[in-house]
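**Student:**
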Amino acid sequence: MNIVVCVKYVPDATADRKFEDDNTVDRVGVDGLLSELDEYAVEQALQIKDKQADDTEVTVLSVGPENATDAVRKALQMGADKGVHVVDDAIAGSDALATSLVLAEAIKKIPHDLVVCGMASTDGGMGVVPAMLSERLGVPGVTLGSEISVEGETVKIRRDGDASTDTIEGSLPLVLSVTDQSGEARYPSFKGIMAAKKKPVETWSLSDLGVDAGSVGAGAAWSVVESTDARPPRTAGEIVTDEDGSGAKALVDFLASKKFI
Amino acid sequence: MSEVLVLVDAVDGKVTKPTLELLTIARRLGEPSAVVIGSADAESLKKYGAAKIYTVEDADTKDYLVAPKAEVLAQLVEKTSPAAVLVVSTGEGKEVAGRLAVKTDSGLITDAVDVADDGTTTQSVFAGNFTVKAKVTKGTPIITVKPNSATPEEAAGDGAEEAFAATVSDAAKGAKITGSEPRKASGRPELTEAAIVVSGGRGTGGNFEPVEAFADSLGAAVGASRAAVDSGWYPHSFQVGQTGKTVSPQLYVANGISGAIQHRAGMQTSKTIVAVNKDEEAPIFELVDFGVVGDLHAVLPAATEQVNQRKG
Ligand SMILES: Cc1cc2nc3c(=O)[nH]c(=O)nc-3n(C[C@H](O)[C@H](O)[C@H](O)COP(=O)(O)OP(=O)(O)OC[C@H]3O[C@@H](n4cnc5c(N)ncnc54)[C@H](O)[C@@H]3O)c2cc1C
Ligand SMILES: Nc1ncnc2c1ncn2[C@@H]1O[C@H](COP(=O)(O)O)[C@@H](O)[C@H]1O
Numbered sequence: 493m494n495i496v497v498c499v500k501y502v503p504d505a506t507a508d509r510k511f512e513d514d515n516t517v518d519r520v521g522v523d524g525l526l527s528e529l530d531e532y533a534v535e536q537a538l539q540i541k542d543k544q545a546d547d548t549e550v551t552v553l554s555v556g557p558e559n560a561t562d563a564v565r566k567a568l569q570m571g572a573d574k575g576v577h578v579v580d581d582a583i584a585g586s587d588a589l590a591t592s593l594v595l596a597e598a599i600k601k602i603p604h605d606l607v608v609c610g611m612a613s614t615d616g617g618m619g620v621v622p623a624m625l626s627e628r629l630g631v632p633g634v635t636l637g638s639e640i641s642v643e644g645e646t647v648k649i650r651r652d653g654d655a656s657t658d659t660i661e662g663s664l665p666l667v668l669s670v671t672d673q674s675g676e677a678r679y680p681s682f683k684g685i686m687a688a689k690k691k692p693v694e695t696w697s698l699s700d701l702g703v704d705a706g707s708v709g710a711g712a713a714w715s716v717v718e719s720t721d722a723r724p725p726r727t728a729g730e731i732v733t734d735e736d737g738s739g740a741k742a743l744v745d746f747l748a749s750k751k752f753i
Numbered sequence: 016m017s018e019v020l021v022l023v024d025a026v027d028g029k030v031t032k033p034t035l036e037l038l039t040i041a042r043r044l045g046e047p048s049a050v051v052i053g054s055a056d057a058e059s060l061k062k063y064g065a066a067k068i069y070t071v072e073d074a075d076t077k078d079y080l081v082a083p084k085a086e087v088l089a090q091l092v093e094k095t096s097p098a099a100v101l102v103v104s105t106g107e108g109k110e111v112a113g114r115l116a117v118k119t120d121s122g123l124i125t126d127a128v129d130v131a132d133d134g135t136t137t138q139s140v141f142a143g144n145f146t147v148k149a150k151v152t153k154g155t156p157i158i159t160v161k162p163n164s165a166t167p168e169e170a171a172g173d174g175a176e177e178a179f180a181a182t183v184s185d186a187a188k189g190a191k192i193t194g195s196e197p198r199k200a201s202g203r204p205e206l207t208e209a210a211i212v213v214s215g216g217r218g219t220g221g222n223f224e225p226v227e228a229f230a231d232s233l234g235a236a237v238g239a240s241r242a243a244v245d246s247g248w249y250p251h252s253f254q255v256g257q258t259g260k261t262v263s264p265q266l267y268v269a270n271g272i273s274g275a276i277q278h279r280a281g282m283q284t285s286k287t288i289v290a291v292n293k294d295e296e297a298p299i300f301e302l303v304d305f306g307v308v309g310d311l312h313a314v315l316p317a318a319t320e321q322v323n324q325r326k327g
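Just so you know, the sequences run in chain order A and B. For what it's worth, our numbering labels the leading residue of the first sequence as 493, then goes sequentially. For what it's worth, our numbering labels the leading residue of the second sequence as 16, then goes sequentially.
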């Protein structure tokens, strides 16, 4: 079986994330990493590979700037077999529609039975790329799985919705997305880190994919960001230390003063 | 005036509050047309301003995931050339919207917290640290709107019902729902709709009783941090944060929660924030209007008793 895992390189959520003057996400001035939510996708792909008797191959795919290779490397260290990095200046500023277009064209060039994605990227966080990929590739999308099993051609997931917990099935080829409930992602082992150095990573440009540069990027975006404003910091509140029940009383007084009681 | 398509979200036929919010927002952009795939109470759609109600037969959509819904909507977009399509920002809603955007080659904005009458949307990004205004520039604007982004306002609509004969392709039936177990109701207000949310984290040590009792005294919904959910202390559907629910209540009370960026992402825009935490250095205190440094197992039961007394 051939598995493609889509991983995004994102600014670190615990760093001071910000925007450029042109309202695009600052992807250079802030430390980046493999989106934590995509580690779950890599993990599930590796678990599926481990359970398959045949010579299953896991390819990680990332669309992003030069340093997005770091995300690909990390996935290789975790155990993926090879990497593809699509990088092209014309891609900068792409929205989800353009990103999914580039990803879909890249996936078509890689043998694939199963495409695994994270539930959402930790920066844009739209959670729409997997559904868009399913649409663009013309294969089923089995999304937001918290428990995944693959038997023969059938992929089965458990999906925890608000109103119910559902079981959803589809048959290969398909696009799968997994949640952060699907199981802890493994850490790269020393052996894994060494082995990753020898694993092949191909770099593709838009022309390698036959995608017209004018159809993606900020200029071709389907929507435009008009402004980005930092939220004003909250004004410091009152903090009391509880001593012999004083905390509860102060808390209730506060709630009453605000008419919550 | 152009139509604005609103995809109706209903549970057991009952139209959800976020759908009524969409109908209210839709009136700013044009004339709301409710799209009912399955069944929904037409009276409440009318009452909140639906000029038209498109009903689509259930048979081909109910056992499948989102793809058939996107097909139906695409056909309606083709037929009506609407000013916009509005969908509730749930996991499912966003997927329907994403597919629809590809099918109709239209721009998509997700998780809007406001939509102005010229179609400009407001979003809260980077864990609520930034406010972004954006606008769709190509095709039909497709916008998913977070629950609680507007107050539903009544406005009598004609609610003219029109059965829409959509065709669902076999390709859209690739992902099938083979089993479904309804979640049992907690009896408390819906987390994303509640005016007050009382949450517990790792600091509860697994005992949510004081959190629940305090919530009940205030008529609040109960939330949880991911640490509490991952420990198996509270179900995932109550998780607040980046990979859980976003809440923006009048009052948010965080108990035994440190205030990690991913948790803030789900509660930072609450109007009033209160925390009880025994560590005075906990980052949650940077956000609060009022904080108590203390043990939640002592503070909450005493506070619950006093609230109940004051209510008489
Ligand atoms: C990709 C990603 C997504 C995530 N998504 C989410 C999400 O959606 N929601 C979420 O919440 N987290 C999320 N997290 C996890 C997040 O980073 C934190 O680990 C988590 O929020 C911590 O939960 P906590 O505050 O309950 O636990 P801790 O950080 O362990 O804090 C416990 C707090 O309780 C206090 N305490 C202990 N005992 C008591 C007591 N008796 N009385 C009062 N206070 C006490 C301690 O002082 C401490 O401040 C995510 C992480 C990642 C990487
Ligand atoms: N630039 C990208 N490169 C590779 N995969 C991506 C990219 N953007 C999104 N994805 C995948 O799509 C998922 C959802 O992303 P999003 O819709 O942006 O929230 C992510 O978890 C990734 O698996």
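A virtual CB, placed ideally from N, CA and C, is assigned to each residue, including glycine. Model, not experiment: these values are computed from the prediction.
Ligand 1 heavy atoms versus the CB of Q673(A): any closer than 6 Å?
**Tutor:** For ligand 1, not one heavy atom lies less than 6 Å from the Cβ of Q673(A).
**Student:** Could you give the distance in angstroms between the alpha-carbon of P603(A) and the alpha-carbon of A239(B)?
**Tutor:** When rounded, the distance between both Cα atoms is 42 Å.
**Student:** Candidates P680(A), V499(A), A584(A) and L747(A): which alpha carbon is nearest G709(A)'s?
**Tutor:** Closest by alpha carbon: A584(A).
**Student:** L35(B) to P47(B), Cα distance in whole Å?
**Tutor:** Distance between the alpha carbons of L35(B) and P47(B) is about 11 Å.
**Student:** Since N323(B) is in the alpha helix (DSSP H), which residue starts that stretch and which ends it?
**Tutor:** Per DSSP, N323(B) belongs to the alpha helix (DSSP H) from L311 to K326.
**Student:** In the stretch 160 to 188 of chain B, which residue ranges form an unbroken alpha helix (DSSP H) of at least 4 residues, counting only runs that do not cross its ends?
**Tutor:** Fully enclosed alpha helix (DSSP H) runs of 4 or longer: not present.
**Student:** Would you call the stretch 663 to 683 of chain A in contact with the stretch 631 to 638 of chain A, where contact means no fewer than 3 C-beta pairs closer than 8 Å?
**Tutor:** Contact holds: three or more Cβ-Cβ distances are below 8 Å.
**Student:** If you scan the stretch 23 to 104 of chain B from start to end, which runs of the alpha helix (DSSP H) of 4 or more residues do you find wholly inside it?
**Tutor:** Segments of the alpha helix (DSSP H) lying fully in the stretch 23 to 104 of chain B: 32 to 44, 57 to 62 and 82 to 95.
**Student:** At a threshold of 6 Å, does D310(B) count as lining ligand 1 (C-beta to nearest heavy atom)?
**Tutor:** Answer for D310(B): yes, Cβ within range of ligand 1.
**Student:** Just reading off the beta strand (DSSP E) that L606(A) is part of, what are its end residues?
**Tutor:** Where L606(A) is concerned, the enclosing beta strand (DSSP E) stretches over L606 to G610.
**Student:** Are I288(B) and V307(B) touching if we call contact CB-CB under 7 Å?
**Tutor:** It is not a contact, given that the beta carbons lie outside the stated cut-off.
**Student:** Ignore the nearest five residues each way along the sequence and tell me which others in W696(A)'s own chain have a CB closer than 6 Å to its CB.
**Tutor:** Excluding residues within five positions, the ones whose Cβ falls inside 6 Å are V578.
**Student:** When the distance is taken between beta carbons, is N515(A) closer than 7 Å to T720(A)?
**Tutor:** In contact: T720(A) and N515(A) (Cβ atoms closer than 7 Å).
**Student:** Report the residues of the stretch 589 to 623 of chain A with a CB closer than 9 Å to any CB of chain B, ordered along the chain.
**Tutor:** Answer set for the stretch 589 to 623 of chain A: L589, S592, L593, M611, A612, T614, D615, G616, G617, M618, G619, V620, V621, P622 and A623.
**Student:** Is there contact between the stretch 581 to 599 of chain A and the stretch 540 to 560 of chain A, where contact requires at least three CB pairs shorter than 8 Å?
**Tutor:** Cβ pair count under 8 Å is three or more, so yes.
**Student:** In angstroms with no decimal places, state the Cα-to-Cα distance between A171(B) and N222(B).
**Tutor:** Approximately 48 Å, taken between the alpha carbons.
**Student:** If we ignore side chains and look at the alpha-carbon of each, how far apart do D615(A) and V703(A) end up?
**Tutor:** If I take the Cα positions, the gap works out to 25 Å.
**Student:** What runs of the beta strand (DSSP E), each 3 residues or longer, lie entirely inside the stretch 212 to 245 of chain B?
**Tutor:** Fully enclosed beta strand (DSSP E) runs of 3 or longer: 236 to 239.
**Student:** Which two residues bound the contiguous alpha helix (DSSP H) that contains E535(A)?
**Tutor:** That run of the alpha helix (DSSP H) goes E528 to K543.
**Student:** Beta-carbon of S527(A) versus every beta-carbon of chain B: anything under 7 Å?
**Tutor:** No, no contact with chain B.
**Student:** Measure from the C-beta of V716(A) to each C-beta in chain B and report whether the shortest distance is under 7 Å.
**Tutor:** It does: the Cβ of V716(A) has a partner Cβ on chain B nearer than 7 Å.
**Student:** For A537(A), would you say it is in contact with chain B, using Cβ-to-Cβ distances shorter than 7 Å as the test?
**Tutor:** No, A537(A) does not count as interfacial toward chain B.
**Student:** Does the beta carbon of A748(A) fall short of 6 Å from some heavy atom of ligand 1?
**Tutor:** No - ligand 1 has no heavy atom lying nearer than 6 Å to the Cβ of A748(A).
**Student:** With DSSP run on the structure shown, which of helix, strand or coil describes I685(A)?
**Tutor:** The answer is helix: DSSP assigns I685(A) an H, G or I state.
**Student:** Which same chain residues end up closer than 6 Å to G64(B) when comparing Cβ atoms and leaving out the 5 residues on each side of it in sequence?
**Tutor:** Cβ within range, chain order: L38, R42, P47, A170 and G172.
**Student:** Any C-beta of chain A sitting closer than 7 Å to the C-beta of K191(B)?
**Tutor:** Yes, K191(B) lies at the interface with chain A (some Cβ there is under 7 Å from its Cβ).
**Student:** Going by DSSP in three states, V631(A) sits in which element: helix, strand or coil?
**Tutor:** The answer is coil: DSSP assigns V631(A) none of H, G, I, E or B.
**Student:** Measuring CA to CA, which of V496(A), V576(A), E549(A) and E512(A) is closest to A560(A)?
**Tutor:** If we check each option's Cα against that of A560(A), V576(A) comes out closest.
**Student:** Beta-carbon within less than 6 Å of A190(B)'s beta-carbon, same chain only, minus the 5 sequence neighbours each way: which residues are those?
**Tutor:** Here the set comprises L80.
**Student:** Using the beta-carbon of each residue, which ones in chain B are nearer than 8 Å to F682(A)?
**Tutor:** By Cβ distance, chain B contributes nothing, its closest Cβ being about 27 Å from F682(A), past 8 Å.
**Student:** Checking contacts by CB at 7 Å: is N292(B) closer than that to chain A?
**Tutor:** No, N292(B) lies away from the interface with chain A (no Cβ there is under 7 Å from its Cβ).
**Student:** When you compare the CB positions of S715(A) and A127(B), do they come within less than 7 Å of one another, or not?
**Tutor:** No, the Cβ-Cβ distance between S715(A) and A127(B) is not below 7 Å.
**Student:** Closer than 6 Å to a non-hydrogen atom of ligand 1 - does that hold for the CB of N292(B)?
**Tutor:** Correct: N292(B) has its Cβ closer than 6 Å to ligand 1.
**Student:** Could you tell me which whole beta strand (DSSP E) segments of length 3 or greater appear in the stretch 276 to 307 of chain B?
**Tutor:** Runs found: 287 to 292.
**Student:** For chain B, is any of its Cβ atoms less than 7 Å away from the one on Q673(A)?
**Tutor:** Judged by the 7 Å Cβ criterion, Q673(A) is in contact with chain B.
**Student:** Which residues in chain C have a C-beta closer than 9 Å to the C-beta of L666(A)? List them in chain order.
**Tutor:** Of the protein chains in this structure, namely A and B, none is chain C.
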